[in-house]
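Chemist: Numbering (this note's numbering), first residue to last: 1272 to 1430. Just dropping this structure here.
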Amino acid sequence: MSKIAIYPGTFDPITHGHRDIVLRASQLFDRVIIAVSEHTHKNPAFDINERIALATEVLTEFDRAEVKGFSNLLVDFAREQKANTIIRGLRAVSDLEYEFQLASMNRKLSPNIETIFLMPDEQYTYLSSSIVRQVASLKGDISDFVHPSVAKALTGKHC
Ligand code: ADP
C-alpha cells in the first residue's frame, strides 16, 4: 500500500522553506500532496490559482509531489486523497501553539489521521511567506528565499 501524505497550507507564495519540507516529506512518503487552501483567514496576496501555479512550477523536480487546491475541511480532503498523514513544518517554538491546536483539532475530527512535524534546514527557520512579501514590497532582494518565478510574480504584484 502506498504511503500518501498531505502537506496543507496557504503557500502565499511558496518559499524555499516550504520546498525544504516537501523534499524531506518526499523521502519518507510515496506521494506527497501539497494542498493549497482556498479558504484562509489570511487574506492572501495571490489567489488560489496563482498559488497553485507557482507551487506546481517550483515543485516540478519532485516526482512524488503533486499540488492540489482544496476548499473543504482538511481532514475530509485528506480522506478523499486517501492520505492518513498530515505534514506540517515547525520553524521555532513560536509555531508550536498554533500547530498544536490545529493538530489536536484534526485528531478530534479524524482520529485515524496522524500529524507529523518536520523541521526545515536551519537557514529557513526564520523564513515565512509574509516576510518575503514584505521584503519584496520594499524592493529588497528575495532571490535567496524563493524560486525565480516566485520572485518575478512578487515583483509584478507590488504587494
Ligand atoms: P498556513 O496558513 O497553513 O500556516 P503557510 O503556507 O504559512 O500556511 O505554512 C504551511 C506550513 O508550512 C505550516 O506548517 C508552516 O509552519 C510551514 N512553513 C512555512 N514556512 C516554513 C519554513 N520556512 N520552514 C518550514 N516550514 C515552514
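Think of the CB as a built atom: it goes at the ideal place given N, C-alpha and C, for glycine as much as any other residue.
#1: May I have the straight-line CA-CA distance separating Arg1404 from Ala1354, to the nearest angstrom?
#2: Using DSSP with H/G/I as helix, E/B as strand and the rest coil, what is Val1417?
#3: Output the distance between the C-alpha atoms of Tyr1278 and Ile1304, rounded to the nearest integer angstrom.
#4: Measure the C-alpha to C-alpha separation of Leu1361 and Phe1388 and round it to an integer number of angstroms.
#5: How about Pro1448: is its Cβ closer than 6 angstroms to a heavy atom in ligand 1?
#6: Rounded to a whole number of angstroms, what is the C-alpha to C-alpha distance between Ser1408 and Lys1313?
#7: Quick check on this structure: which residue in Val1417, Glu1351, Gly1288 has the alpha carbon closest to the alpha carbon of Asn1343?
#8: Consult DSSP for Glu1328 and reduce its assignment to one of helix, strand or coil.
#9: Quick check on the DSSP output: the beta strand (DSSP E) that includes Arg1295 runs from which residue to which?
#10: Might you give, ordered along the chain, the residues of its own chain that have their beta carbon closer than 8 angstroms to the beta carbon of Asp1392, omitting 5 neighbours on each side?
#11: Use the C-beta contact count for His1310: other C-beta atoms within 10 angstroms, 16 or more gives buried, fewer gives exposed.
#12: For the putative contact between Arg1322 and Phe1300, defined by C-beta atoms under 8 angstroms, what is the C-beta separation to the nearest angstrom?
#13: Report whether the distance from the Cβ of Phe1282 to the nearest heavy atom of ligand 1 is below 6 angstroms.
Modeler: Result, derived from the coordinates:
#1: Here residue 1404 corresponds to residue number 133 of the sequence shown, with the count starting at 1. Here residue 1354 corresponds to residue number 83 of the sequence shown, with the count starting at 1. A straight line joining the alpha-carbon of Arg1404 with that of Ala1354 spans about 31 angstroms.
#2: As a working note, residue 1417 is residue 146 in the sequence shown. When secondary structure is reduced to three states using DSSP, Val1417 falls in the coil class, being assigned neither helix nor strand.
#3: Taking the first residue of the sequence shown as position 1, residue 1278 is located at position 7. Taking the first residue of the sequence shown as position 1, residue 1304 is located at position 33. Straight-line Cα distance between these residues: approximately 6 angstroms.
#4: For the purposes of this step, residue 1361 is taken as residue 90 along the sequence shown, with counting starting at 1. For the purposes of this step, residue 1388 is taken as residue 117 along the sequence shown, with counting starting at 1. Roughly 6 angstroms between the two C-alpha positions.
#5: This structure does not reach residue 1448, given that the chain is present from 1272 up to 1430, and the question cannot be answered.
#6: If you number the sequence shown from 1, residue 1408 lands on position 137. If you number the sequence shown from 1, residue 1313 lands on position 42. Ser1408 and Lys1313: Cα-Cα distance of roughly 17 angstroms.
#7: Here residue 1343 is taken as the residue at index 72 of the sequence shown, counted from 1. Comparing Cα-Cα distances from Asn1343 to each of Val1417, Glu1351, Gly1288, the minimum goes to Glu1351.
#8: Residue mapping note: residue 1328 aligns to position 57 of the sequence shown, counting from 1. Note: Glu1328 maps to helix in three-state DSSP.
#9: Taking the sequence shown and counting its residues from 1, one reaches residue 1295 at position 24. Taken as a continuous stretch (DSSP letters only), Arg1295 belongs to no beta strand (DSSP E), being part of the alpha helix (DSSP H) at 1287-1297.
#10: Within the sequence shown, numbered from 1, the residue matching residue 1392 stands at position 121. The answer, listed in chain order, is Asp1291.
#11: Taking the first residue of the sequence shown as position 1, residue 1310 is located at position 39. Exposed, because fewer than 16 other Cβ atoms sit within 10 Å of the Cβ of His1310.
#12: Position 51 of the sequence shown, counting from 1, holds the residue named residue 1322. Position 29 of the sequence shown, counting from 1, holds the residue named residue 1300. In fact, because the Cβ distance is near 22 angstroms, the residues do not count as touching under 8 angstroms.
#13: As a first step, residue 1282 must be located in the sequence shown, where it is residue number 11. At least one heavy atom of ligand 1 is nearer than 6 angstroms to the Cβ of Phe1282, so yes.
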